[in-house]
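Heads up, the thing below is written out as structure tokens.
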Amino acid sequence: MNRIFSGMQPTRQLHLGNYLGALRNWVALQDGFECIFCVVDLHALTLPQDPAALRRNIREVTAAYIAAGIDPERCIIFAQSSVAAHSELSWILSCHTPLGWLNRMTQFKDKVGKKALENAMLGLYAYPVLMAADILLYKATHVPVGEDQKQHLELSRDIAGAFNRHYDRAFFPLPEPQILGDATRVMSLRDGSKKMSKSDESDYSRINMTDDADLIAVKIRKARTDPEPLPDTLEALVKRAEADNLITIYAALAGISRAETLAQVAGQQFSQFKKDLADLAVAKLSPINAEMNRLMADPAEIDLILRRGAERAGTMAAGHLDEIKDVIGLLRL
Ligand code: AQP
371 MNRIFSGMQP
381 TRQLHLGNYL
391 GALRNWVALQ
401 DGFECIFCVV
411 DLHALTLPQD
421 PAALRRNIRE
431 VTAAYIAAGI
441 DPERCIIFAQ
451 SSVAAHSELS
461 WILSCHTPLG
471 WLNRMTQFKD
481 KVGKKALENA
491 MLGLYAYPVL
501 MAADILLYKA
511 THVPVGEDQK
521 QHLELSRDIA
531 GAFNRHYDRA
541 FFPLPEPQIL
551 GDATRVMSLR
561 DGSKKMSKSD
571 ESDYSRINMT
581 DDADLIAVKI
591 RKARTDPEPL
601 PDTLEALVKR
611 AEADNLITIY
621 AALAGISRAE
631 TLAQVAGQQF
641 SQFKKDLADL
651 AVAKLSPINA
661 EMNRLMADPA
671 EIDLILRRGA
681 ERAGTMAAGH
691 LDEIKDVIGL
701 LRL
């Protein structure tokens, strides 16, 4: 059976981009694939984290997975740091990854920004190798990702290929990206040229999965737009990034195409459209929010799910790591 691996970082709360671009698609994949969904807490360490907040966020991301509809019986849900083989394989793969490949990664450059390179952390630079280890450790065949992670997944394929060629065998499957749905890149509510992101300083740039109905409505009302009414063609949205983004969000939440959405709302002023969008967002997100709150009230239950998931993931990982050690000539004593 084809196997899916994917994960989210427990860095602050998940947002609408994480939900529409990834989580919602994962729920649909459970029926056709063996699924492994990880809370990638080691990746979160590539940026400074407060220990108490990190602990809470690991549980909250787990709660979001389950509240959105991922079934912990059918899928494996676990925290990355509880399976040590991720770090071991990451080291092995880093010895098969030329620096030139890592130098091309745009996310590293974006995250370091204008800071001096000397102060950037090695972990942030090596992040894509750990991501390759996450995927290859389970010999995953498919990885659902948003547009922003496509380059990292291509690197995972390159690393798998380099390993296979070096040891002259088809050991790792080359994982296929799955870019699903129409909302592969949900943009900031404050700036239509930037993606919606957990690390954006403005909380008004995103709708968090933990936001209540009032806050969702306020954020949508305050979302940046332009003075023109909504157009009737997709072409007319090309130069209107913020309007385009709100149409994409509406379409994704309503489960209709962007063209169908425009057919419904063409000619409307934003004041009306934003009210409808807020009602729709609240209707879709509130039940998930309520279930997250219920789960978060019982952290022991979440920890139990993570522990069971870690046992299942750990068994598969240990078997594959033994095979890898055999291939590369390490003793298994
Ligand atoms: N804006 C987005 N639109 C669509 N999909 C998105 N994803 C993230 N942002 C958007 C997808 O969500 C999954 C999990 O992402 P992540 O938590 O591992 O980290 P990220 O991609 O770095 O997300 P953020 O919010 O931008 O976090 P920060 O600010 O901490 O870097 C991935 O599949 C991603 O594609």
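371 is the number of the first residue of the sequence shown in our numbering; add one for each residue after it. Glycine residues also receive a C-beta, built at the ideal position from the N, C-alpha and C atoms.
Comparing alpha carbon positions, the residue from Thr-467, Gly-562, Lys-509 closest to His-536 is Thr-467. For Val-513, there is no enclosing alpha helix (DSSP H); the enclosing beta strand (DSSP E) covers residues 512-514. Where Ala-449 is concerned, the enclosing beta strand (DSSP E) starts and stops at 446-449.
Straight across, the Cα-Cα distance linking Leu-607 with Met-566 is about 19 Å.
Linking Ala-648 to Ala-454 through their CA atoms gives a straight-line distance of about 43 Å. The beta carbon of Gln-450 sits closer than 6 Å to the beta carbons of Cys-408, Val-410, Asp-411, Leu-412, His-456 from its chain, once the five residues preceding and following it are set aside; these are given in chain order. Per the C-alpha coordinates, the member of Asn-372, Ala-587, Asp-518, Ala-624 positioned closest to Thr-554 is Asp-518. Taking C-beta atoms as the reference points, Arg-682 and Ile-446 count as a pair closer than 8 Å. DSSP, read as helix, strand or coil, puts Gly-377 in strand. For the set Lys-520, Ser-641, Tyr-508, the Cα lying nearest the Cα of Asp-692 is the one of Tyr-508. At the C-beta level, Met-662 and Ala-392 stay beyond 8 Å of one another.
Restricting attention to Pro-669, Ile-698, Ile-462, the CA atom closest to the CA of Arg-426 is found in Pro-669.
With a cutoff of 7 Å, Val-410 counts as near the ligand AQP, since its C-beta is closer than that to a heavy atom of the ligand. With respect to the C-alpha of Phe-542, the residue from Gly-551, Gly-483, Ser-526 having the closest C-alpha is Ser-526. Relative to the Cα of Ala-587, the nearest Cα in the group Ile-549, Thr-603, Lys-654, Ala-503 belongs to Lys-654. Using a Cβ distance threshold of 8 Å, Val-513 and Ser-464 do not count as a contacting pair. Remark: C-beta atoms of Arg-628 and Thr-618 approach each other more closely than 8 Å. Counting the other CB atoms within 10 Å of its CB gives Asp-581 a total of 16 or more, which places it among the buried residues. Straight through space, the alpha carbons of Glu-605 and Phe-448 are spaced by roughly 43 Å. Judged by their CB atoms, Leu-390 and Ala-651 are not nearer to each other than the 8 Å cut-off.
Between Ala-503 and Ser-460, the CB-CB gap stays under 8 Å.
Remark: the shortest separation between the CB of His-512 and any heavy atom of the ligand AQP does not fall under 7 Å.
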